[in-house]
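Residue numbers (the working numbering), protein chains in the order written: chain A, 1285 to 1776; chain B, 1285 to 1776.
Okay, so here's the structure we're looking at.
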């Protein structure tokens, strides 16, 4: 008889572009989210948690920062509907603001934190699931709402451990750009293509430099490979207005806005944009947020195609070393702005909205790069097992420690090889091991081994200062808790 | 010229079977998760967070508690692979334990909390995304690991606000059932179908009662509609052994185990199961967990088909009123057990594992039903806007409050109608409103309105005790913070 064919074993792999988070990676993120939530709460924002799944219809062709709308989501068909994983937290907010518009307070101030999914080609350091952490105000037409978001972003960065001076929040305004485009002769309905070229060109300022952008504003640009990108066809005077906009930042906000007023001339929308920037700067100054934290900076160009009014971006200004060992600025960790047509898709009514999104994983990477995450060992006290028949006694020890708030566990693997138990304690970053065998139980004592000290001694065996701290002590069973408590205190 | 056809507006609806969580619903859950994590941490478990997406291959045909395996997941094709949303936190743990088996500590003790997705027909109160909160020990053969999980579950329930006496954790053992099946003549490979019928029958004990189960153990049972379900065909003596098993619970653990020993007779696996139950009871007693918290109870039948050793279930014992106004026991909020073939699918090696899963949403519903969730108003202090030109001054007030740790915001809607501002404050559960117009600014004072007291007075205008606490006071601007702090203290 032929043997039945075996089904091959499944592969135990994380799907491509996804990753697993272990131990401190999880707690560090949770602590950061809790700190951010604390600030958002203090500013009067309420939490909202929508599910990971939305109808494709509600999500819409709406992916920001992506040239090909409606790509980039994980979607599947159900009956005649399509469902998809949310790609950000803004699209679900738009759906909620429309769906509950009769019952939600107005303005509606909400924060949301959680994973979002992007169906993109995975790459090094690019994941298809990541955390976002947003706060938005829906229904507030005043730029006071935008100023407040900037102040809150500043407080948030400091609350999670980025000290003042290590970050800057830059504020720009899409309306000023519109004014500049008008002055450059690109305001008509027939100039849509040219405006697109200009937006994409200034988006490439970082990469191409001013000259590269200038070429794209004019006839076009041939790149290193010889490929030619058609330009917006502006004459030199008009191109200079655009370049002047990107380069308008001065030492203080008032001078910057004055420069922008020169550039936008009589353009109504341009003047409105300058007025808004000025008001934001005034409101922030009234709350004590000066240019050491928040600056007017027209070179913030990310998201200008998406937002309709003020735009802001938080950048970390310290240097880190990249994967090739070169120093570079850490860069952007949060961004946001005003988008007044968010809810309109659903209701037809324009509702003013403004908000910010923090890239939690990038912010964690920044703190990690600066060594600002607490990596102190916080492993459990390990009660080792010398005699399996004494399991109840070992469990009694950990119960006593746990009730006193001390993290502790009994070694629950095969206890035969004692070396394995100490290796396990080492792998768990255990601060202390408790050892008790037949002899100890007879005499009603336990051995307490300081594993941190043990590791120190292993590194530097001559250290004089350790002499008074014996690495292993024997204490009566009744004094175990007190002695362990003392040892943990000494270690920290 | 024909008008271009308009695309219809998208519908703003939560997808069927999903829901949105607002405000306190989110914070209550987060607080509960944090409290559970604190207990899990103290017991030596480390967090693990896998992504929501797994390969269908890794998930396997493994859905527990579902008759039709491989149904019930949300899945989609990607290139030649299939991806799916996780349906629980155990399948990803199996994948991780296999994938990282060379680097993880062994035993691997991990906890995980997060949403899982089930592609089921939505029904009232049944959602397709919900939270699970699991702790598992992988690689610990000793039932000390099971006992520990039960103790931890008990501590966890008390930590989240279920007092002792309001819950019970029942412990059973699949091996005892196997012994009973052996005695009943159902141990052979050819009795697989009959064993399935018995397992499904005892699973229906709650619904059918002992007589219904007895019928299914014998020839079969005709239900009220006249449909006939074929039985396991046991004779009366054998059926009595099974019924005896379900009914074996006695006043104390020792007597229960003695009764089970009678039932399993010489069955080797049955005796092993009884030994395990006895050891679990001993270990728990050594840690002080008596039958007021954890009991040996063979009527725990849920999951017996899935688990391979000890099985446990936490039940809330207080009564709640169901949607039809009838009192009923709240029922199960957590369950778990030992499943020794979890990792084998991937590696071929049997790895002992045991764990527990808490139904966070059900536990929240229980606390809600008992009125044990903190529903005290924690809305922000609202600084109202009497004069739009004074926005910087209003922002300055909230900045001062926030820096003092007080939740506060300026009203950012259209300030024209002052009544709307107070309605907004009411909707936000605001404790205090600050009011300042031209007159107040001239005299450098603010009006502070106690909205909680206002609501009390509105309810009971004659209340004598409120006389000394004026509902609205005028204070110098410099005393605003101190007065608000005092008022918030008086309110709480």
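In this text, a Cβ means the ideal position worked out from N, Cα and C, and glycines have one as well.
- Boundaries of the alpha helix (DSSP H) harbouring residue 1537 of chain B: 1537–1548, taken from the DSSP string.
- Cα atoms of residue 1762 of chain B and residue 1410 of chain A: separation of roughly 51 Å, rounded to the nearest angstrom.
- Excluding residues up to 5 positions away in sequence, 1721 and 1722 lie with their Cβ nearer than 7 Å to the Cβ of residue 1671 of chain B in the same chain.
- In summary, the residues of the region 1293–1311 of chain B whose CB is separated from some CB of chain A by less than 8 Å are 1293, 1294, 1295, 1296, 1297, 1298, 1299, 1302, 1303, 1304, 1305, 1306, 1307, 1309, 1310 and 1311, in the order they occur in the chain.
- Proximity of the region 1662–1671 of chain B to the region 1444–1464 of chain B falls short of the contact definition, fewer than three beta-carbon pairs being nearer than 8 Å.
- Counting other Cβ atoms within 10 Å of its Cβ, residue 1381 of chain B reaches 16 or more and is therefore classed as buried.
- If you draw a 10 Å sphere on the C-beta of residue 1337 of chain B, you find 16 or more other C-beta atoms in it, and that means buried.
- Spatial neighbours of residue 1328 of chain A in its own chain (CB-CB distance under 7 Å, excluding positions within 5 residues in sequence) are listed in chain order as 1393.
- In the three-state reduction of the DSSP assignment, residue 1700 of chain A falls in the coil class, being assigned neither a helical nor a strand state.
- Contact of residue 1391 of chain A with chain B by beta-carbon distance below 7 Å involves 1696 and 1697.
- Of the residues A:1596, A:1612 and A:1597, the one whose Cα lies closest to the Cα of residue 1603 of chain A is A:1612.
- For residue 1316 of chain A, no beta strand (DSSP E) run applies; the uninterrupted alpha helix (DSSP H) run containing it begins and ends at 1308–1326, by DSSP.
- Distance from the Cα of residue 1679 of chain A is smallest, within the candidate group A:1755, A:1688 and A:1693, for A:1693.
- Non-local beta-carbon contacts of residue 1515 of chain A in its own chain, meaning distances under 8 Å to residues more than five positions away in sequence, involve 1481, 1485, 1499, 1500, 1501, 1502, 1503, 1504 and 1505 in chain order.
- Against chain A, the beta carbon of residue 1399 of chain B has neighbours under 8 Å at 1335 and 1336, listed in chain order.
- Around residue 1425 of chain A, the beta-carbon contacts reaching into chain B at under 9 Å are 1696, 1697 and 1698.
- Non-local C-beta neighbours of residue 1684 of chain B in its own chain, meaning closer than 7 Å and more than five positions away in sequence, comprise 1765, ordered along the chain.
- In this chain, residue 1762 of chain B is not harboured by any alpha helix (DSSP H), its DSSP state being neither H nor E.
- Chain-ordered listing is empty here: chain B has no CB closer than 8 Å to the CB of residue 1444 of chain A, the nearest sitting near 16 Å.
- Per the C-alpha coordinates, the member of A:1540, A:1769 and A:1649 positioned closest to residue 1308 of chain A is A:1649.
- Cα atoms of residue 1698 of chain B and residue 1390 of chain A: separation of roughly 10 Å, rounded to the nearest angstrom.
- Within 10 angstroms of the beta-carbon of residue 1700 of chain B lie fewer than 16 other beta-carbons, which makes it exposed.
- Under a 10 Å Cβ-count criterion, residue 1715 of chain B is classified as buried, with 16 or more other Cβ atoms of the shown protein chains found around its own Cβ.
- For residue 1318 of chain B, the number of other beta carbons within 10 angstroms of its own is below 16, and it is reported as exposed.
- Under DSSP, residue 1416 of chain B forms a beta bridge with B:1398 and B:1643.
- Closest by C-alpha distance to residue 1521 of chain A, out of A:1466, A:1542, A:1696 and A:1508, is A:1466.
- Where residue 1731 of chain A is concerned, there is no enclosing alpha helix (DSSP H), although the beta strand (DSSP E) around it starts and stops at 1729–1734.
- Proximity of residue 1383 of chain B to chain A, defined by a Cβ-Cβ separation below 8 Å, is satisfied.
- The beta carbon of residue 1403 of chain B sits closer than 7 Å to those of 1356, 1357, 1358 and 1412, all from its chain and outside the five residues before and after it, given in chain order.
- Just measuring C-alpha positions, the residue of A:1589, A:1642 and A:1325 sitting nearest residue 1477 of chain A is A:1589.
- Residue 1370 of chain A carries a coil assignment under DSSP once its states are collapsed to helix, strand and coil.
- Looking at A:1711, A:1727, A:1420 and A:1767, the one whose alpha-carbon comes closest to that of residue 1734 of chain A is A:1767.
- The residues 1541, in chain order, have a CB closer than 6 Å to that of residue 1562 of chain B in the same chain once the five nearest residues on each side in sequence are set aside.
- Annotated three-state conformation of residue 1479 of chain B is helix, per DSSP.
- The Cβ neighbour count for residue 1727 of chain A, taken over all protein chains shown within 10 Å, is under 16; the residue is labelled exposed.
- Partner residues in the beta bridge of residue 1330 of chain B, as assigned by DSSP, are B:1394.
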